[in-house]
Amino acid sequence: MKKSDIHFAVELDNQNIPEKIYWEATDNPNEGLSDTRAIAIALWDHYHNSTLKIDLWTKEMEVVDMKRFLIEIMSGIADTAINATGDKRMATDIENTCRVLSKRLEEEIKEQQKQQ
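Quick look at the structure:
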């Protein structure tokens with residue numbers, strides 16, 4: 004059986020707020036630690052029938068990038084819904100929500116650009 008490991012390292016400030024996030028994985032083509040500004044991990048706890056989540060982002064993560072990150076996570080969940088359950092209706096509903104949020108984000112970016 005093949006084994007794959009994923010490791011995260013988080014540097015915290017004196018208030019336990021992430022300043023740097025690093026990750027590496029055995030299947031990552033890049034060697035060594037790679038840095039990132041945000042991670043979102045969800046695990047299914049089958050003992051309690053609930054989701055466990057770890058969401059971390061650094062002080063450097065821009066708000067607009069965080070919103071984009073969240074929309075892309077949701078879009079990926081739509082793909083997972085089809086692949087894992089075959090529920091096309093659920094996937095379509097999630098994608099439609101992503102389209103609405105993407106449009107809203109585009110409008111927000113345009114408004115910010117006008118104010119500069």
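So for the sequence shown, the working numbering puts the first residue at 4; every next one is plus one. C-beta: ideal position from N, C-alpha, C; glycine also.
Reference residue i, options the options, closest by Cα
i, options, result
"Leu-55", "Lys-62, Gly-35 and Trp-47", "Trp-47"
"Leu-36", "Asp-8, Ala-43, Asp-58 and Leu-59", "Asp-8"
"Glu-114", "Val-67, Lys-23 and Ser-78", "Val-67"
"Asp-30", "Ile-42, Lys-5 and Ala-12", "Lys-5"
"Ile-42", "Trp-26, Arg-102, Ile-80 and Ile-97", "Trp-26"
"Phe-11", "Asp-96, Leu-59 and Lys-106", "Leu-59"
"Arg-107", "Asp-82, Ile-74, Ala-94 and Gly-79", "Ile-74"
"Ile-20", "Thr-61, Ile-97 and Gly-79", "Thr-61"
"Asp-38", "Gln-118, Glu-14 and Ala-45", "Glu-14"
Enclosing alpha helix (DSSP H) for residue i [first to last residue]
i, result
"Asn-110", "Note that residue 110 is Glu in the sequence shown, not Asn. Counting along the chain, the alpha helix (DSSP H) containing Glu-110 begins and ends at 91-118."
Secondary structure of residue i, DSSP reduced to three states
i, result
"Thr-88", "helix"
"Glu-75", "helix"
"Lys-121", "For the chain, the structure presents residues 4 to 119; residue 121 sits outside this window and is missing."
Residue i: first and last residue of the uninterrupted beta strand (DSSP E) it sits in
i, result
"Lys-23", "21-28"
"Asp-38", "37-39"
"Glu-14", "9-15"
Counterpart residues of residue i in DSSP-defined beta bridges
i, result
"Thr-54", "Trp-47"
"Ile-42", "Leu-59"
Whole-Å CB distance - residue i paired with residue j, under 8 Å assumed
i, j, result
"Cys-101", "Met-77", "5 Å"
"Lys-91", "Ile-97", "No, Lys-91 and Ile-97 are not in contact; Cβ-Cβ is about 11 Å, not under 8 Å."
"Arg-40", "Ile-57", "Not confirmed; about 15 Å, so no contact."
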